[in-house]
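S.K.: Mind looking over this structure? Questions follow.
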Amino acid sequence: MTDTLTPIRPGTLIINGEAVDAASGRTFTTMNPATEEPLVAVAEAGAEDVDRAVKAARAAFESGPWPKMKPAERQKALFRLGDLILAHGDELARLETLDNGKPIFESRQIDVPMVANCFHYFAGWATKLAGETLPVNPAFFTYTLREPLGVVGAIIPWNFPMIMVGWKAAPALAAGNCVILKPAELTPLTAIRIAELALEAGLPAGVFNVLPGKGSVAGEAMVRHPGVDKITFTGSTEVGRHIMKTAADTLKKVTLELGGKSPNIVFADADLDQAVRGAMNGIFYGKGEVCAAGSRLLVESSVHDEFVGRLAERAQKIQPADPLDPKSRLGALVSQAQMEKVLGYVETGTKEGATLVAGGRRQPVNGKGWFVQATVLDRVENTMRVAQEEIFGPVLSVIRFDDVEDAVRKANDIVYGLAAGVWTRDVKKAHAVARRLQAGTVWINAYNFYDAAMPFGGTKASGFGRDLGPESLREYSQVKSVWVSIE
Ligand code: NDP
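If you want our numbering, it's the position in the sequence shown, counting the first as 1, plus 1.
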């Protein structure tokens, strides 16, 4: 499908309410994963630009109109931004699909509404962040204030470039902070556009800044900068660990949403049709480039052969297709490097003794693109690398289990703890297993559901802290205790 719409504008930095070039004048090129062709040049932020953005954000936080605005006015501005995102839904979805390679169906029907949902939901919280009056001593009037942290640095990945803007910026802004956001170098375009829409919505200059650039340069400078009070990060466990260490020098608060290798557990008493669909959605949605992907499918032995047979048949029917085609359900992986990493894991899995029952190959569309087939590896042992490491692509590892104990043991026998799925008709078993799983989110007879009101985050090597829901507001605010002597 040819893209005949308006050309994409070159990407800029957004600092202090203005679209600007990098101080160094440097740019990088963002690519279309479906065609392997350059999309557009984008300004590349360096340490000097980080410093400019921090000065702008600090000024906006300390003396600009943002802290003086009534919460109801902040609420209106954030709500307007949610409306503008919906009004520009087609444009944003197209940008996201061209930059990331994901199907336009996902960008338009899932990502755009989710970002808008974040701004609408958190807008409402701007007027509801309250302290408490605490009975301490009759000689005192004692109360707490809930206050913003100051300048929040958000560092986001390439798998959900637009959704992550909503997850990070919406609660941070609702709590009264100013934000500097660094999108992933591979996918900077929608964050820049949303920052422009934020200005249109009435967010004052300096309140929401966007710095496209390299993680090792702009990201690193944000984490080191003493003018940044908090880093909220989503990405790999390795970079998360590095950020936490670096942030210690300036005692920054950190929230880390890291990798996952989430178990999706199918018991023999499940509705197997529903579970097959859930297993597919758990791994092939977002091309499997999803931190919470149900990438370890645990299937009870008594239904294993039948279940895997049905799954493999369906997986073979999902063909990679042009992401701009509304019927496409499997897009291109974000980069050549990611595609090679994913294909490398398929090879590793088969060498380790797994059986390839669907996909496993690169499959260009119209002769081009970093597309990988929907892939299922069966006969995986929980100790294999394809069971323990995050592949981050459309590759499902199927592992057998014998009973509830075996399922829970295998599910938890991993460094990660982000999400999990449970498929069963037995209500007691569903709840009991959900309690025993080491995961930040458990879906029962469902997978990959998200909402701005529902907290999301991990445990173990999947990080700590929560995005979304009322929980996330605590990540972006702090409590001050006030004692007033009244005698
Ligand atoms: P990274 O963790 O490297 O990237 C995430 C973000 O961190 C990007 O904005 C990146 O910038 C930035 N970053 C990188 N290095 C630093 C640094 N030293 N200081 C501050 N910020 C930094 O993920 P990758 O893109 O390299 O993906 C590698 C693997 O990570 C994937 O295959 C997948 O397994 C996992 N991953 C997990 C995600 C999740 O949602 N949990 C999301 C993305 C990846 P830049 O893009 O410029 O490098």
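Glycine included, each C-beta is placed from N, C-alpha and C at the ideal position.
So is D52 in contact with chain B if we call contact Cβ pairs under 8 Å?
M.R.: The chain labelled as chain B is not found in the depicted structure, where only one protein chain is given.
S.K.: Which of the three DSSP states, helix, strand or coil, is assigned to T3?
M.R.: Summary for T3: the model assigns pLDDT 46, below 50, so the residue's position carries little reliability, and this model does not support an answer.
S.K.: Would you identify the three-state DSSP class for Y417, choosing helix, strand or coil?
M.R.: In this structure, Y417 counts as strand in the three-state DSSP scheme.
S.K.: What does DSSP give as the partner residue(s) for E19 in the beta ladder?
M.R.: Paired residues: I16.
S.K.: Can A175 and A127 be called in contact, C-beta distance under 8 Å?
M.R.: The answer is yes: Cβ separation under 8 Å.
S.K.: If you count every other CB in all the chains shown that lies within 10 Å of the CB of T3, and 16 or more means buried, which is it?
M.R.: In this predicted model, T3 has a pLDDT of only 46, less than 50, meaning its place in the structure is not dependable; the value taken from the coordinates is given anyway. That one is exposed.
S.K.: Along the alpha helix (DSSP H) that carries K215, what are the first and last residues, could you check?
M.R.: K215 -> no alpha helix (DSSP H), and no H or E assigned at all.
S.K.: Based on Cα-Cα distance, which residue from V277, P158 and S336 lies nearest to T233?
M.R.: Out of V277, P158 and S336, P158 has the C-alpha closest to the C-alpha of T233.
S.K.: Can you tell me whether L85 is helix, strand or coil according to DSSP?
M.R.: Here L85 sits in helix by DSSP.
S.K.: Given a cut-off of 8 Å on the beta-carbon distance, is the pair T145 and K429 in contact?
M.R.: Their beta carbons are not under 8 Å apart, which means T145 does not touch K429 by this criterion.
S.K.: Do L299 and P264 have their C-beta atoms closer together than 8 Å?
M.R.: Yes, they are a contact pair.
S.K.: Taking G241 as part of the alpha helix (DSSP H), name the residues at either end of that continuous run.
M.R.: Segment T238 to A249, the alpha helix (DSSP H) holding G241.
S.K.: Report the three-state DSSP secondary structure of G359 (helix, strand or coil).
M.R.: Residue 359 is actually Ala in this sequence, not Gly. Note: A359 maps to strand in three-state DSSP.
S.K.: To the nearest whole angstrom, what separates the beta carbons of S296 and L397, a pair I think is in contact under 8 Å?
M.R.: S296 to L397, Cβ: 6 Å. Contact.
S.K.: Does the beta-carbon of M281 have 16 or more other beta-carbons within 10 angstroms, so that it is buried, or is it exposed?
M.R.: Looking at its Cβ environment, which holds 16 or more other Cβ atoms inside 10 Å, M281 is buried.
S.K.: Consider the C-beta atom of T235 and the heavy atoms of the ligand NDP; say whether any pair is separated by less than 7 Å.
M.R.: Yes, the beta carbon of T235 sits closer than 7 Å to at least one heavy atom of the ligand NDP.
S.K.: How about W424 and V309: do their beta carbons lie closer than 8 Å?
M.R.: Against a cut-off of 8 Å, the Cβ pair of V309 and W424 comes out as no contact.
S.K.: To the nearest angstrom, how far is the alpha carbon of L331 from that of A375?
M.R.: Going from the Cα of L331 to the Cα of A375 covers about 8 Å.
S.K.: Look at the Cβ atom of G151, then the Cβ atom of V224, and state whether they are nearer than 8 Å.
M.R.: It is not a contact, given that the beta carbons lie outside the stated cut-off.
S.K.: Using the rule of at least 16 other Cβ atoms within 10 Å of the residue's Cβ for burial, across every protein chain shown, is E107 buried or exposed?
M.R.: Buried: at least 16 other Cβ atoms inside 10 Å.
S.K.: Should K508 be labelled buried (16 or more other beta-carbon atoms within 10 Å of its own) or exposed?
M.R.: The structure shown does not extend to residue 508, since the chain is modelled only from 2 to 488, so the question has no answer here.
S.K.: Hey, out of A44, P205 and I164, whose CA is closest to Y451's CA?
M.R.: If we check each option's Cα against that of Y451, I164 comes out closest.
S.K.: Around the C-beta of M32, are 16 or more other C-beta atoms found within 10 angstroms, so that it is buried, or is it exposed?
M.R.: Counting Cβ neighbours within 10 Å, M32 comes out buried, since at least 16 surround it.
S.K.: Skipping 5 residues on each side, what residues in its chain have a beta carbon closer than 8 Å to that of P162?
M.R.: These residues qualify, in order along the chain: E97, D100, N101, P184, A185, T188, P189, L190, T191 and A192.
S.K.: Closer than 8 Å by C-beta to I400: which residues in its own chain qualify, once you throw out the five before and the five after it? Chain order, please.
M.R.: So the list reads R297, L298, L299, V300, V381, E382, N383, A388 and K411, once near-sequence residues are dropped.
S.K.: Determine, using beta carbons only, whether A269 and V304 come nearer to each other than 8 Å.
M.R.: Yes, they are a contact pair.
S.K.: Does the distance between the C-beta of A249 and the nearest non-hydrogen atom of the ligand NDP fall short of 7 Å?
M.R.: A249 Cβ: outside cutoff for every heavy atom of the ligand NDP.
S.K.: Look up P11 in the DSSP assignment and say whether it is helix, strand or coil.
M.R.: Residue state, collapsed to three classes: coil.
S.K.: Quick check: the Cα distance between G394 and L130, rounded to an integer number of angstroms?
M.R.: Approximately 39 Å between the Cα atoms of the pair.
S.K.: How big is the Cα-Cα spacing for S473 and G368?
M.R.: In a straight line, the C-alpha of S473 is about 44 Å away from that of G368.
S.K.: So for G394, helix, strand or coil by DSSP?
M.R.: Residue state, collapsed to three classes: coil.
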